[in-house]
Structure formats: structure tokens, C-alpha cells
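Just so it is clear: in the sequence shown, position 315 is 358 by my numbering, and no numbers are missing.
From the three backbone atoms N, C-alpha and C, an ideal C-beta is built for every residue, glycine too.
Data block below; observations after.
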Amino acid sequence: MKADVYDLVIKNGLIVNADVSFYADVAIKDGKIVALGSFFRAAQEIDAKGLYLLPGGIDIHTHLEMPFMSTFSSDNFESGSKAAAMGGTTTVVDYAMQEKGDSLSAALKKWHEKAANKCHIDYGFHLGLTDIDENILTELESLTQEGVSTVKLFMAYNNALRCPDIKLLEVFNALKKLQILSMLHCENGDIIEYLSKKLVNDGNTAPIYHSVAHTAECEAESINRAAIYSKIFDLPIYIVHLSSKEGLQVIYDHFKRGVRIFTETCPQYLILDDSLYNKEFLEASKYVMSPPLRGKDSIEALWKALACGMINVVATDHCPFFLKQKELGKDDFTKIPNGAPGIETRLVLIFSEGVRKGRITKEQFVKCCCLNPAKLAGLYPSKGAVAPNFDADLVLFDPNKKWQIMKSHLHENVDYTPYEGIQVTGAVVDVLLRGQWLVREGSFVGGKITGNYLRRTKVI
Ligand SMILES: [Zn+2]
Numbered sequence: 044m045k046a047d048v049y050d051l052v053i054k055n056g057l058i059v060n061a062d063v064s065f066y067a068d069v070a071i072k073d074g075k076i077v078a079l080g081s082f083f084r085a086a087q088e089i090d091a092k093g094l095y096l097l098p099g100g101i102d103i104h105t106h107l108e109m110p111f112m113s114t115f116s117s118d119n120f121e122s123g124s125k126a127a128a129m130g131g132t133t134t135v136v137d138y139a140m141q142e143k144g145d146s147l148s149a150a151l152k153k154w155h156e157k158a159a160n161k162c163h164i165d166y167g168f169h170l171g172l173t174d175i176d177e178n179i180l181t182e183l184e185s186l187t188q189e190g191v192s193t194v195k196l197f198m199a200y201n202n203a204l205r206c207p208d209i210k211l212l213e214v215f216n217a218l219k220k221l222q223i224l225s226m227l228h229c230e231n232g233d234i235i236e237y238l239s240k241k242l243v244n245d246g247n248t249a250p251i252y253h254s255v256a257h258t259a260e261c262e263a264e265s266i267n268r269a270a271i272y273s274k275i276f277d278l279p280i281y282i283v284h285l286s287s288k289e290g291l292q293v294i295y296d297h298f299k300r301g302v303r304i305f306t307e308t309c310p311q312y313l314i315l316d317d318s319l320y321n322k323e324f325l326e327a328s329k330y331v332m333s334p335p336l337r338g339k340d341s342i343e344a345l346w347k348a349l350a351c352g353m354i355n356v357v358a359t360d361h362c363p364f365f366l367k368q369k370e371l372g373k374d375d376f377t378k379i380p381n382g383a384p385g386i387e388t389r390l391v392l393i394f395s396e397g398v399r400k401g402r403i404t405k406e407q408f409v410k411c412c413c414l415n416p417a418k419l420a421g422l423y424p425s426k427g428a429v430a431p432n433f434d435a436d437l438v439l440f441d442p443n444k445k446w447q448i449m450k451s452h453l454h455e456n457v458d459y460t461p462y463e464g465i466q467v468t469g470a471v472v473d474v475l476l477r478g479q480w481l482v483r484e485g486s487f488v489g490g491k492i493t494g495n496y497l498r499r500t501k502v503i
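This is the structure in C-alpha cells:
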């Protein structure tokens with residue numbers, strides 16, 4: 044082939060896919076990977092010797108510019124997508140949240156306005172259903188035409204986001220016909236409401252009581268109920284942000300009975316433990332999220348489940364709040380905005396804590412951070428692998444670089460990282476979105492690049 048047939052050739056990198064790793068050069072044309080092999084020539088050629096070539100990271104659980112608990116998550120699509128790109132993530136699927144009284148199309152429109160021409164990486168939306176009536180059930184059918192193949196349902200947050208069980212059943216009935224996948228926040232809202240009130244009334248208002256109110260049993264019970272509903276309708280479900288070994292056990296029990304459950308966890312549940320709640324208010328409030336951090340035994344159980352494929356996806360649940368926002372709950376833990384940043388640190392943390400520590404292989408790392416999220420969000424086969432006909436979303440990754448995570452190095456629009464001071468091995472060097480450079484030698488160069496809205500296909 045003539046030298047100018049390709050736009051770009053990346054040479055000498057180790058391609059790491061979810062099934063196998065191998066050395067090959069990657070030829071890119073018009074934003075797509077067109078061939079893997081050797082002896083390609085192009086006007087632009089770069090040498091990736093010593094680096095891994097990973098598919099762009101896909102984060103299918105984020106909350107950018109989300110109104111929540113009388114404030115907003117602090118990253119918008121501009122800042123959040125830049126931080127994501129710096130961390131090797133080239134696609135995000137964010138939760139478009141229905142506000143009380145909104146139609147689904149109104150909710151989607153709001154999210155399109157937040158993201159259009161601002162997001163530096165490709166993006167899609169799940170729809171968070173929070174106010175369900177007959178009209179909404181009818182409107183669900185229009186979602187797939189809008190490229191939305193997944194909805195979120197909350198079993199927690201009483202009097203706010205929660206979907207009562209009777210409505211959950213009605214929605215499941217509709218989803219079954221439409222083949223839309225439900226993503227479930229599994230915590231028992233009544234237990235949380237009861238325990239929270241009791242704790243606050245007894246004067247137990249510090250952040251640690253957030254984790255007392257959100258017991259692991261809340262998660263396990265709620266997963267059990269969701270799995271039983273799933274079985275009744277023979278409808279697969281996706282459990283978001285699994286945090287506990289108790290929840291994991293319930294999923295395992297239902298697996299054995301043939302219930303189809305997909306499971307996601309997040310870096311915070313694989314790395315941080317609940318001893319962090321013993322710190323003083325501002326420090327402890329950084330880790331107030333739902334579900335909360337758990338004990339070290341849950342951490343090891345989640346890694347094992349990831350290694351054996353029981354957990355499919357690692358996403359971030361990126362939902363940052365400045366410490367000033369966390370202070371809303373200084374006298375009452377129930378008023379601390381729930382959430383923490385993480386969109387920029389996912390790949391490096393899972394690589395360093397997972398692959399480098401021998402808990403998972405580098406291929407499993409790509410599977411849970413790239414391939415499975417692409418499949419479960421309806422983005423496969425254009426995203427999730429380094430292979431011909433896939434988008435040229437690529438991460439050049441240095442598997443040996445050692446560094447220390449510090450907020451001062453990160454780009455998330457918030458004043459802390461939950462991972463401050465953690466020593467990691469592995470670093471993102473270059474990031475390409477459909478063949479265009481977002482990050483080059485560790486610096487963001489994608490200021491003029493805007494991502495595409497991704498119309499996602501059905502996944503069940
Ligand atoms: Zn979330």
C-alpha cells in the first residue's frame with residue numbers, strides 16, 4: 044500500500060485486548076482502526092516501544108453536573124471529560140436524571156444541552172427514572188429511538204430518587220417488552236431512612252454514622268429483592284456499584300438459580316476501606332457516598348469476584364463535591380452530599396492495584412474497564428477493543444512508571460481525591476479519540492475536540 048493510504052500508524056506497542064495480548068502495528072484511517080500487522084507506512088508514524096496499546100477506557104457510571112441533595116456535582120461535561128481523557132477514558136455514559144414532573148424527552152434534552160459541544164470524549168446517556176406514571180411507561184418506548192438502551196432505577200433515597208417497588212414491577216414489565224436493560228441502585232431505602240432518623244435523634248451525626256445507616260445488609264436485601272423481580276419477569280438486571288461481600292453472596296446465590304445478573308463495582312470499593320470514616324469531619328466526609336466503603340474482607344471478596352468474572356464492570360460513580368459542599372452536613376450526616384470523584388484515576392488504580400499486585404491479568408483489566416462496559420452499554424462493536432473496524436480510541440500506557448496520586452496532578456473540578464498519596468505503577472501517556480490526540484505525553488491537547496453523542500444499541 045502507498046504511504047499515504049493511512050492517516051497514522053502506531054508501531055511496536057503491545058496491544059492488550061480482553062482476550063489476548065500481542066505485538067502489532069496499528070493502522071488508522073478516518074478515525075477507525077483499519078488494520079493490525081506490520082510494515083504499514085503512513086504520513087504520520089509513532090513509536091510505542093515499551094508501551095501497552097489499550098482500547099480507550101469506557102466509564103458507564105458518571106454523574107456530571109447533576110442536581111443532587113440541594114447542590115450540584117462539581118464537574119460539568121467540559122471539566123469532567125477532560126479529566127476522564129487524562130486518565131485514559133474516551134467514552135462516558137452519564138446518568139441523565141428525570142426531575143419530578145419531567146417527561147423523559149425533557150430530561151434527555153437537558154442532558155444533551157449540558158454535553159453538546161462541551162464534552163471532549165464520546166458520550167451517551169442512561170436515563171434515571173425518578174417519577175413514574177402511565178405517561179412515562181408509554182414514553183419508555185421512544186428511548187431506544189433516541190439511542191438510550193439502559194435506564195436507572197433507585198431502590199434507595201426515600202422521598203427523592205426512589206422508585207417504589209410497585210412501580211419497579213410496572214417498569215420491569217415495560218422493559219421486558221422493550222428489551223431495555225435496567226441498572227439498579229440496590230440499597231433498602233426504608234432501612235436507611237429508619238436507621239438514619241434514629242441515629243440523628245440519638246445525637247449520632249458524624250460521617251461514620253452514614254456507613255452505619257447504610258449497612259451491608261441494606262445492599263444485600265435490596266439485591267435479593269431485585270433478583271427475585273428479575274426472575275419473575277425473566278429480565279436480566281445490572282447492579283451498579285456493588286460494595287459488599289454480603290451483596291456479592293446474594294448475587295452468587297441467584298446465579299446458581301439461573302438469574303441473569305450483571306454486576307459493576309468501582310475503584311473505591313476495591314481499594315478504600317471504612318476505617319476512613321473514623322477521621323475528623325472534613326476528612327471523613329470525603330468518603331461519604333452510597334453505598335459506603337466497607338471492610339477489608341469485602342475488598343478482597345470483590346477482587347476475587349472480578350478475577351473470576353462474577354463482577355463484569357469497573358466504573359467510577361464519579362460524583363464530586365467540593366469540601367465546602369460536604370460541609371452542608373457538618374451537623375447531620377444525612378445532609379452531606381453523597382459522592383466522590385474518580386473519573387480520572389480508574390485505569391491507573393485498577394492496573395496498579397489489580398494487575399501489578401497479581402489480583403487480575405492485564406487482559407481482565409481491559410475486560411472490566413473497556414470491553415464489558417462497551418458490551419453492556421450497547422457500544423460494541425465500535426468501542427471496547429483494539430481491532431479492525433473499531434473506533435481508533437486508544438491509550439498508550441506505560442506499565443512501569445511509578446508515581447504518587449495527588450490532587451495537585453489531577454484535573455477533576457474538585458478540591459480533593461479519595462486516593463491522595465497512593466503510590467501507583469502505570470501511567471497514561473497518550474490518548475486518542477477516533478484517531479485524534481486528546482492527550483500527548485501526559486498533557487491535554489484536546490481543547491478543540493468535542494465528542495460524539497453515541498446512539499447505543501439494545502443489549503438484552
Ligand atoms: Zn451513581
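| query | result |
| --- | --- |
| For the beta strand (DSSP E) containing ARG483, name the first residue and the last one. | 479–483 |
| In the DSSP assignment, what residue or residues form a beta bridge with VAL438? | LEU97, VAL474 |
| Can you list, in chain order, the stretches of the beta strand (DSSP E) that have 3 or more residues and sit fully within the segment 210–279? | 224–228 |
| Write down the C-beta distance between VAL283 and LEU204 rounded to the nearest angstrom, noting that I regard them as a contact closer than 8 Å. | VAL283 to LEU204, Cβ: 13 Å. No contact. |
| Which of helix, strand or coil does DSSP assign to MET129? | helix |
| Please give me, in chain order, every unbroken run of the alpha helix (DSSP H) with length at least 4 that falls completely inside the segment 365–434. | 366–369, 389–392, 405–409, 415–419 |
| Expressed to the nearest angstrom, what Euclidean distance is found between the alpha-carbon atoms of GLU190 and ARG499? | In the sequence under discussion, the amino acid at residue 190 is Gly, which differs from the Glu named in the question. When rounded, the distance between both Cα atoms is 5 Å. |
| Does the contact criterion of 3 or more C-beta pairs under 8 Å hold for the segment 344–356 versus the segment 276–293? | yes |
| Provide the residue(s) that pair with GLN311 in DSSP beta bridges, ordered along the chain. | Partner(s): none; GLN311 has no beta bridge. |
| In angstroms, rounded to a whole number, what distance separates the CA positions of ASN4 and LYS373? | Because the chain in this structure spans residues 44 to 503, residue 4 falls outside the shown range and cannot be described. |
| At the 9 Å Cβ level, is ASN381 part of the contact set with chain B, yes or no? | Among the chains of the structure shown, chain B does not appear; only one protein chain is present. |
| I'd like the list of long-range same chain contacts for SER148, defined as Cβ closer than 6 Å, with 5 residues on each side in sequence excluded. | none |
| Rounding to the nearest angstrom, what Cα-Cα distance links ASN15 and ASP233 in this structure? | Here the chain covers residues 44 to 503 and nothing more, so residue 15 does not appear. |
| Which residues does DSSP pair with TRP154 in a beta bridge? | Bridge partners of TRP154: none, in fact. |
| Rounded C-beta distance between THR468 and ASN432? I'm assuming under 8 Å. | That belief does not hold up - the Cβ atoms of THR468 and ASN432 are roughly 33 Å apart, past 8 Å. |
| Quick one: Cα of PRO416 to Cα of VAL356, how far? | 6 Å |
| On the CB-based measure, 16 or more other CB atoms within 10 Å of its CB, does MET44 come out buried or exposed? | Note that MET44 scores 48 on pLDDT, short of 50, meaning its location in the model is unreliable and no value can be drawn from it. |
| So, do the segment 62–78 and the segment 368–383 have three or more beta carbon pairs nearer to each other than 8 Å? | no |
| For the structure I just gave you, are there three or more beta carbon pairs, one from the segment 215–225 and one from the segment 270–283, closer than 8 Å? | yes |
| Of the residues ILE101, LEU97, PHE115, which one's Cα is nearest the Cα of LYS367? | PHE115 |
| Out of GLY131, MET140, ALA159, TYR95, state which residue places its alpha-carbon closest to the alpha-carbon of ASP102. | GLY131 |
| Which whole-angstrom value is the C-beta distance of LYS54 and ILE89, which I expect to be below 8 Å? | 7 Å |
| Can you have a look at ARG477 and say buried or exposed, based on whether 16 or more other CB atoms are within 10 angstroms of its CB? | buried |
| When you compare only the Cα positions, how much space is there between ALA199 and ARG483? | 42 Å |
| Does DSSP put THR193 in a helix, in a strand, or in coil? | strand |
| Counting along the chain, where does the beta strand (DSSP E) carrying ASP50 start and finish? | 49–54 |
| Just the Cα atoms here: how many angstroms apart are TYR496 and LEU392? | 27 Å |
| Measure the Cβ-Cβ separation of ASP118 and ASN456 and say whether it is below 9 Å. | yes |
| Can you list the residues near ligand 1, meaning Cβ strictly closer than 7 Å to any non-hydrogen atom, in the order they appear in the chain? | HIS104, HIS106, TYR138, HIS228, VAL283, HIS284, ASP360, CYS362 |
| Express the C-alpha separation of ALA126 and GLN466 in angstroms, rounding to a whole number. | 19 Å |
| To which residues of the same chain is TRP154 closer than 6 Å at the C-beta, ignoring the five residues directly before and after it? | ALA139, PHE168 |
| Do LEU186 and LEU212 have their beta-carbon atoms positioned less than 9 Å apart in this structure? | no |
| Are GLU307 and CYS261 touching if we call contact CB-CB under 9 Å? | no |
| State the start and end residues of the unbroken beta strand (DSSP E) segment that holds ASP169. | In the sequence on display, residue 169 carries His and not Asp. From DSSP, the beta strand (DSSP E) with HIS169 extends over 165–172. |
| Restricting to Cα atoms, I'd like to know which of ILE251, MET353, TYR272, HIS253 is closest to LYS299. | MET353 |
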